[in-house]
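Single-structure report; data block below.
Numbering (mature numbering (1 follows the signal peptide of the UniProt record, and there is no 0)), first residue to last: -23 to -1, 1 to 619.
Here you go:
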């Protein structure tokens, strides 16, 4: 057992190494070299809150605006995530310090927020919004220092540092709202090695901010837009009273520090935001447990099967005297086509499409090509891959439909191309209408929606038809036994052969293998964390495939032994049992980890969760179905049937 654990740690180590080795020299993301005094542009991405799950664009609040607002052209993934990258009036130059400067262009004249604006600002502070800025494509982070539970002597020496994405818009004290109106930017640069005669070049390697709330009276501004910060002890914070107009100054300071961090590893700070070490062991343990259980399952099934097949293939004279029992009895019905073969093959086609897409995305991400530094790349890749994988989905669906004695291939192809994507599009459209109503930047703009529809009907649909055509023309899967004319009567089944009991039993093992990874994925989606453990995710995905296949084989074996030959739909439903546990986990996560109270954020959470659960059910159901189908064909090919 310990040897197995050792081997696994070795494999995990390799995967991590593979993942971390220079993985941020992403194709298309080249380092920018700055000279001293070169402008370093600071852009705003969006405002986010894990309380409301509704992102807003930066200028939805009355911040200081530059003379000309320009939005960056964005890829599909960025638009879907709600990023709206825009320029800001911050003037930052490479390696040039700024003590304190007024942001808006009126040196002595404070900014006046109207009652409406004050109300909105106070509302966003109450909802716990964070502001996300970027400098040279690096997101801003707030440093959090705290003492860990170490020994008393060590406490004095060492603080634990963690980073939080973005900075808090403001804070509340009792019923009063305070706005962070002064930002102290701390930028770290790495000095590049150059020849003696050349000027030094610098690269930005970290971007931190210390937000402060300083009352208007305490910020002394002069004619040249300069200001002086008060002593830390004596200053009062800048209150925002939502019932009246408020006057304030937006100010900032810039401080540069040299750093040893190389450009290639500048993202490491952001990716190790929480202590991940704790989870290594739990992941290794779940891997070990799954392999252990699946080993036992395989041995039992193989031994039982060998015994069965040996018994069935003994001399005929013994067989005459012995009453047949078990799975051999249903050989004349086991390949009888199920009800609704078109819908079954369509769902399985979509499952294959999802499987290929997820496998390629995780593999490419594991090689470091979809790192967080190329914003929205993961989402864009997933969308395009799903469209292009339609050809495989169509092929498998068409071939299975032909095997199940289907004839209307055109209708089948249309069903495959529109059933699952149609449900996804429908749910997303309804949720999008609610987000539109809230004027959030998370709403997919109408042109993007039209573009997605064009991709669906212009790329995915024709490819599914193409795949379906070739799949339907290909030889159907050959079944080793003939199907009888008259269906056999199914004996009364025991309580534990019920579908729902099967779903509950079959879902435990695959879910157990991956629920730790689920926690990471959920925090990435709902709490604005970065998800980057793709090496692990790949391993977990492989385990998921293995455990789904095995559970499905065990369940179909028990079902055939109970002389129930209606296994097609049942295997598909039961193998997707872990999706039920994912749903329960999502509810648990909602109640325990998120403090979402309003209706629309809750609706968004459960809407997107429903999509995840549906996709996960299709994925695991498809894996289980194909494993069971291969198994059934194998065992019936191994027995002699008159």
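We treat Cβ as the ideally placed atom computed from N, Cα and C, and that holds for glycine.
Is residue i near the ligand GTP - that is, is its Cβ less than 7 Å away from at least one heavy atom of it?
i           : result
residue 616 : In the structure shown, the ligand GTP is absent, as is every other ligand, since no ligand is present at all.
Whole angstroms are fine: how far does the CA of residue j sit from the CA of residue i?
i           : j           : result
residue 507 : residue 57  : 16 Å
residue 176 : residue 14  : 12 Å
residue 596 : residue 257 : 26 Å
residue 219 : residue 155 : 11 Å
residue 362 : residue 334 : 6 Å
residue 310 : residue 476 : 20 Å
residue 635 : residue 528 : The structure shown has nothing for residue 635, since the chain only spans -23 to 619.
residue 484 : residue 329 : 20 Å
residue 183 : residue 53  : 27 Å
residue 28  : residue 414 : 18 Å
residue 592 : residue 115 : 33 Å
residue 5   : residue 78  : Unreliable placement is indicated for residue 5, whose pLDDT of 45 sits below 50; no coordinate value is reported for it.
residue 419 : residue 438 : 27 Å
residue 554 : residue 272 : 21 Å
residue 286 : residue 539 : 17 Å
residue 48  : residue 22  : 10 Å
residue 612 : residue 562 : 37 Å
residue 157 : residue 97  : 15 Å
residue 244 : residue 350 : 8 Å
residue 267 : residue 430 : 41 Å
residue 108 : residue 398 : 34 Å
residue 442 : residue 394 : 8 Å
residue 3   : residue 370 : Annotation note: pLDDT 48 at residue 3 (below 50); position unreliable, coordinate value reported separately. C-alpha separation (whole angstroms): 30 Å.
residue 59  : residue 417 : 8 Å
Quick one, are the C-beta atoms of residue i and residue j less than 8 Å apart?
i           : j           : result
residue 557 : residue 480 : yes
residue 325 : residue 602 : yes
residue 55  : residue 153 : no
residue 290 : residue 617 : yes
residue 631 : residue 223 : There is simply no residue 631 to check, as the chain begins at -23 and stops at 619 in what is shown.
residue 229 : residue 162 : yes
residue 404 : residue 588 : yes
residue 503 : residue 68  : no
residue 473 : residue 248 : no
residue 25  : residue 43  : no
residue 396 : residue 327 : yes
residue 605 : residue 530 : yes
residue 432 : residue 364 : yes
Looking only at its own chain, which residues have a Cβ that is under 7 Å from the Cβ of residue i, when we skip the five neighbours before and after it?
i           : result
residue 294 : With a pLDDT of only 49 at residue 294, under the threshold of 50, the placement of this residue in the model should not be trusted; the figure read from the coordinates follows. Answer for residue 294: no residue qualifies.
residue 511 : -5, 339, 342, 343
residue 81  : 41, 88, 227
residue 312 : 456, 458, 460
residue 572 : 28
Round the Cβ separation of residue i and residue j to the nearest angstrom and send it over; I've been treating them as touching at under 8 Å.
i           : j           : result
residue 112 : residue 9   : That belief does not hold up - the Cβ atoms of residue 112 and residue 9 are roughly 11 Å apart, past 8 Å.
residue 187 : residue 147 : Incorrect: roughly 14 Å between the Cβ atoms, too far for contact.
residue 119 : residue 12  : Not quite, the Cβ-Cβ distance comes to about 29 Å (not below 8 Å), so this is no contact.
Which same chain residues, not among the five before or five after residue i, have their C-beta less than 8 Å away from its C-beta?
i           : result
residue 389 : 319, 322, 323, 374, 375, 378, 383, 445, 449
residue 239 : 167, 182
residue 386 : 375, 378, 379, 445, 446, 449
Out of the options, which has the shortest C-alpha to C-alpha gap to residue i?
i           : options            : result
residue 194 : 206, 201, 185      : 206
residue 86  : 118, 150, 225, 67  : 225
residue 305 : 32, 505, 284       : 284
residue 139 : 33, 246, 486, 197  : 246
residue 307 : 552, 581, 535      : 535
residue 525 : 538, 551, 513, 500 : 551
residue 543 : 71, 478, 464       : 464
residue 533 : 482, 583, 122      : 482
residue 63  : 39, 73, 264, 35    : 35
Which residues in the same chain have their Cβ closer than 6 Å to the Cβ of residue i, if we skip the five residues on either side of it in sequence?
i           : result
residue -2  : Here residue -2 scores only 38 on pLDDT, less than 50, and its place in the model should not be relied on; the value that follows carries that caveat. The residues are 241.
residue 37  : none
residue 440 : 367, 368
residue -12 : Legend: pLDDT at residue -12 = 42, less than 50; position of this residue unreliable, value from coordinates given subsequently. Result list for residue -12: empty, nothing under 6 Å.
residue 231 : 69, 75, 162
residue 165 : 182, 183, 234, 236
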